[in-house]
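Position 52 of the sequence shown, counted from 1, bears residue number 51 in numbering that gives the first Met the number 0, the numbering being contiguous throughout. Backbone N, C-alpha and C fix where the C-beta goes; we use that ideal spot for every residue, glycine too. So the structure is just underneath, and the comments pick up after that.
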Amino acid sequence: MRGDHQTLALLLFCAFIAVTLFITTWVSRNRQGSAEEFYAGGRLFSPMENGFAIAGDYMSAASFLGISGLIALFGYDGMLYSVGFLVAWLVVLLLVAELVRNCGRFTLADVVVARMAERPVRTALGTSSVTVSVLYLVAQMVGAGSLVALLLGGTSDAARSWTVVGVGALMVVYVSFGGMRATTWIQIVKAVLLMGGAVALTVLVLVHFRGDVNSLLNTAAERSGHGKDFLAPGLRYGGDWTARFDFISLGIALVLGTAGLPHILSRFYTVPTARAARRSVVWSIGLIGSF
Numbered sequence: 000m001r002g003d004h005q006t007l008a009l010l011l012f013c014a015f016i017a018v019t020l021f022i023t024t025w026v027s028r029n030r031q032g033s034a035e036e037f038y039a040g041g042r043l044f045s046p047m048e049n050g051f052a053i054a055g056d057y058m059s060a061a062s063f064l065g066i067s068g069l070i071a072l073f074g075y076d077g078m079l080y081s082v083g084f085l086v087a088w089l090v091v092l093l094l095v096a097e098l099v100r101n102c103g104r105f106t107l108a109d110v111v112v113a114r115m116a117e118r119p120v121r122t123a124l125g126t127s128s129v130t131v132s133v134l135y136l137v138a139q140m141v142g143a144g145s146l147v148a149l150l151l152g153g154t155s156d157a158a159r160s161w162t163v164v165g166v167g168a169l170m171v172v173y174v175s176f177g178g179m180r181a182t183t184w185i186q187i188v189k190a191v192l193l194m195g196g197a198v199a200l201t202v203l204v205l206v207h208f209r210g211d212v213n214s215l216l217n218t219a220a221e222r223s224g225h226g227k228d229f230l231a232p233g234l235r236y237g238g239d240w241t242a243r244f245d246f247i248s249l250g251i252a253l254v255l256g257t258a259g260l261p262h263i264l265s266r267f268y269t270v271p272t273a274r275a276a277r278r279s280v281v282w283s284i285g286l287i288g289s290f
């Protein structure tokens, strides 16, 4: 990265950190100290605010980089990955959002213990939630740390490692001092920035190709190394029967996996009613689909 661009990236990064720390400080001063406020933000967020926060949670480093990378490598077949992400939210809207909000208080275990023995269920769901969160967090932290290190000019393994530690420490500060309310507002800011960045990049690319989408796709196919196959189905999942089973497995995981993500389910407790939870999902579907 050139020196002037690196300076601009550093300034923008510092500005973002300053804004998020200000939000955390402002929220921590107005906290009442109750468990409901810390874990559920007092259940005071509107469907639109919660929808933006859900979108910010979901449009993470792993999903953003993963979808972009798969499309760059496999073209049409890579695009199917993003379709699975979007369809998954229909499952959340129709089967999960209202049930979780009506039955639970803070965690998914609260939903299940209403009909089963409490201690074994809480142990099992606590173990699964921690396992899913750790596996998900590793990908997030590595992706975010590598991006921040690149923006700040760090290229060595040590720089990436320390960047991951620094980003993780910031997350701990946000959650510890601001609770769910600060986390929600930070995710809203993140969603706005991601949507704004996506719109800006789209406009710049279309301007570069003078609005000719056909020329854009042909150029992408030529530079991919796969030619016309880049724009046709089958580049990744069109081989033998194992590739087809791989695609089916991926589709099932994408469609059903979102409904089991702990950090997504916890967002349904931040709104006052089940109807508001469903409307939050509608907002998030619109934002994620546009992204």
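Give the secondary structure of H262 by DSSP, where H, G and I count as helix, E and B as strand, and everything else as coil.
Working through the sequence shown from its first residue, we reach residue 262 at position 263. Three-state result, H262: helix.
Contact defined as beta carbons within less than 8 Å: I believe T183 pairs with G40. What is the distance between those atoms, to the nearest angstrom?
Taking the sequence shown and counting its residues from 1, the one referred to as residue 183 is at position 184. Taking the sequence shown and counting its residues from 1, the one referred to as residue 40 is at position 41. Indeed they touch by this definition, with Cβ atoms about 6 Å apart.
A52 beta carbon less than 8 Å from that of Q186
In the sequence shown, residue 186 corresponds to position 187, counting from 1. In the sequence shown, residue 52 corresponds to position 53, counting from 1. For Q186 and A52, yes; Cβs fall inside 8 Å.
8 Å contact criterion, which A231 and Y75 should meet: CB distance rounded:
In the sequence shown, the residue the question calls residue 231 occupies position 232. In the sequence shown, the residue the question calls residue 75 occupies position 76. Between Y75 and A231 the Cβ distance is about 6 Å, and since that is below 8 Å, they are a contact.
Select from T19, V254 and G250 the residue whose C-alpha is nearest the C-alpha of G177.
In the sequence shown, residue 177 corresponds to position 178, counting from 1. Taking only the C-alpha atoms, the option nearest G177 is T19.
For the pair the stretch 162–169 and the stretch 248–268, tell me if three or more CB-CB distances fall below 8 Å.
no
Leaving out five residues before and five after S145 in sequence, what residues of the same chain have Cβ atoms less than 7 Å from its Cβ?
Within the sequence shown, the letter at position 146 stands for residue 145. Cβ within range, chain order: R159.
By the three-class DSSP mapping on this structure, what secondary structure does H225 have?
The residue you call residue 225 lines up with position 226 of the sequence shown. The answer is coil: DSSP assigns H225 none of H, G, I, E or B.
Within its chain, find whatever has a CB closer than 6 Å to the CB of R235; leave out the 5 residues flanking it on each side and keep chain order.
Start at 1 with the first residue of the sequence shown, and residue 235 comes out as number 236. Taken in chain order, the residues that qualify are F73 and D76.
Same chain, Cβ closer than 8 Å to R42, five either side skipped, listed in chain order
Locating residue 42 in the sequence shown gives position 43, counting from the first residue. Once the five neighbours on either side are set aside, the close Cβ partners of R42 are E35, Y268, T269, V270 and P271.
Are V147 and A258 touching if we call contact CB-CB under 8 Å?
For the purposes of this step, residue 147 is taken as residue 148 along the sequence shown, with counting starting at 1. For the purposes of this step, residue 258 is taken as residue 259 along the sequence shown, with counting starting at 1. No, they are not a contact pair.
Excluding the five sequence neighbours on either side, which residues of its own chain have a C-beta within less than 8 Å of the C-beta of A190, listed in chain order?
Along the sequence shown, one-based indexing puts residue 190 at 191. Counting only Cβ-Cβ distances below 8 Å, and skipping sequence neighbours, we find F51, A52, A54, G55, M58 and L286.
If we ignore side chains and look at the alpha-carbon of each, how far apart do L64 and F105 end up?
Taking the sequence shown and counting its residues from 1, the one referred to as residue 64 is at position 65. Taking the sequence shown and counting its residues from 1, the one referred to as residue 105 is at position 106. The alpha-carbon atoms of L64 and F105 are separated by roughly 30 Å.
Going along the chain, which residues of its own chain have a beta-carbon closer than 6 Å to the beta-carbon of L169, five neighbours each way excluded?
Working through the sequence shown from its first residue, we reach residue 169 at position 170. Here the set comprises nothing.
Can you find the residues in the same chain that come closer than 6 Å, C-beta to C-beta, to D228, ignoring five residues on each side of it along the sequence?
Stepping through the sequence shown from its first residue, residue 228 is reached at position 229. Within the same chain, D228 has close Cβ partners L234.
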